[in-house]
Amino acid sequence: MASCPLLVMYNPVCGNGTAEAFFNEHVFPRLEEAHIQVTQKLVTGAAGHAGTIVLEFLERYEGNVTVILGSGDGTLHEIINALSLVALKGVRENVVSSSVRVVLVPCGTANALYCSLFKPTSTNEGPAYKLKSLEAFIRGSNVVPLTLAITTLSSPPSSKQSCFKIAVSAVVTSTALHASILHDSESLRKEVPDIERFKVSARKNITQWYSSHVKLLPTPSARAVEIYDPDQKTFVTHEDSDDHGIVDVYGPFAYFLSTVNVDRLEPAFRITPLASDFVSSEASLDLVMVRPHRDPTFVMDTIEARNAFAEKSNAVLTAAYQDGNHINLRYTDDGKITSEGTGPSVVEYIRCRGWEWIPDDVDEKAHLLCSDGAMFSIVKGGRAACKAVVPADGAGFLVYV
1 MASCPLLVMY NPVCGNGTAE AFFNEHVFPR LEEAHIQVTQ KLVTGAAGHA
51 GTIVLEFLER YEGNVTVILG SGDGTLHEII NALSLVALKG VRENVVSSSV
101 RVVLVPCGTA NALYCSLFKP TSTNEGPAYK LKSLEAFIRG SNVVPLTLAI
151 TTLSSPPSSK QSCFKIAVSA VVTSTALHAS ILHDSESLRK EVPDIERFKV
201 SARKNITQWY SSHVKLLPTP SARAVEIYDP DQKTFVTHED SDDHGIVDVY
251 GPFAYFLSTV NVDRLEPAFR ITPLASDFVS SEASLDLVMV RPHRDPTFVM
301 DTIEARNAFA EKSNAVLTAA YQDGNHINLR YTDDGKITSE GTGPSVVEYI
351 RCRGWEWIPD DVDEKAHLLC SDGAMFSIVK GGRAACKAVV PADGAGFLVY
401 V
């Protein structure tokens, strides 16, 4: 283990700003106790610095490298994007593929990936809980490969000069309410440093609907888009699939969010619980959609209708904190929400290979896209296409569990 290049780095300002103290009090002493030699220790600075650090480390050292990372999901996102979107130089200039083994030390606000890999048992976990990935590394335990969600934001087909952006996520890609929450919550970071800022932002955006056309793409093995059936408690083929297995979905949307690798976005917020209850054997996305027109009392899009539906959106988000029970919510004939009966599902829970989000030109907020907390804007007339990918064996990002 000592011969493997080891980079230790942490983000001092992520979460509540305690990463430096935690590393000095727990991480560095544990490494010394285990007689593990650190090749390089670094503290991240400005945005994007973490990606540059790992990129330069990889270009300097051959073979497998390990990164002990003290951060939240956003810093890991920076690293993944920095390495996914460039050609490596230095000692790796002619290397076909490289892998990075990651030891996660959760120091961020929500720590979605860590909490999904190491399920918390209480709301106040001690230092030992935050050292689980480190202990796995010290023991030489297994690593799990991360599925990546690659999103291409493209310009309109009619554009004279085609342009696009790429965003790679290891946790969440979203539009609609979740993207608006993340967009607005950033301004609250200093005032509300913990996860409460997401709830403040949610209350601000809860009445918003988002106009878009969506295409859902089939998984390779099933050759179909699958939807969760709460009666059968399993996935079934989506009834609206065309001859190619593609499903067209039309808004408005109140919620649209997909994940890879995780079943939750906060320790108790299990937004895609089936990601761990029904583990996929291939590259796929778990997608949660809420469309107001499924409500039996929906007549037309009005301010009054949006205000009334906000209570139902709140019920979905609240139930996600109840061990992911939102996927079992139903409408009654008079539009009330219940966990019983046989009415239409409030939440459409999808498993697919990918999706395309084509926002209405006049709906400005529908053009927001969130990739692991990083915000993007889809140009007017453009679209976002997201697809799940598992890197080839021996490549990509592997996490100690």
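In the working numbering, the protein residues as written are 1 to 401. Here a beta-carbon is modelled for each residue, glycine too, at the ideal position from N, C-alpha and C. Computed from a predicted structure; not experimentally measured.
Just measuring C-alpha positions, the residue of 322, 386, 364, 313 sitting nearest residue 202 is 313. If you draw a straight line from the Cα of residue 288 to the Cα of residue 390, it is about 21 Å long.
Scanning its chain for C-beta atoms nearer than 7 Å, with the 5 sequence neighbours on each side dropped, one finds around residue 378 the residues 153, 359, 367, 369, 384, in chain order. In this structure, the CA atom of residue 185 is about 36 Å from the CA atom of residue 31. Counting along the chain, residue 229 sits inside the beta strand (DSSP E) bounded by residues 226–229. Three or more beta-carbon pairs separated by less than 8 Å are not found between the region 341–359 and the region 103–120, which leaves the two stretches without contact. Along the length of the region 250–327, whole alpha helix (DSSP H) runs at least 4 residues long occupy 274–277, 303–320, reported in chain order. Within 10 angstroms of the beta-carbon of residue 236 lie fewer than 16 other beta-carbons, which makes it exposed.
Sequence-distant Cβ neighbours of residue 326 in its own chain, meaning closer than 7 Å and more than five residues away, are 316, 319, 320, 347. Within the region 165–219, the runs of beta strand (DSSP E) at least 3 residues long that lie entirely inside it are, in chain order, 172–175, 212–217.
Looking at the DSSP output, residue 383 bridges to 154. Under the DSSP definition of a beta bridge, residue 22 lacks any partner.
Taken through DSSP and simplified to helix, strand or coil, residue 376 comes out as strand. In this structure, residue 104 sits away from residue 178, with a CB-CB distance that is not shorter than 7 Å. Three or more beta-carbon pairs separated by less than 8 Å are not found between the region 276–296 and the region 181–199, which leaves the two stretches without contact. In the three-state reduction of the DSSP assignment, residue 401 falls in the coil class. Beyond the five residues adjoining it in sequence on each side, residue 99 comes within less than 7 Å, by CB distance, of 64, 394, 395, 396, 398 in the same chain, given in chain order.
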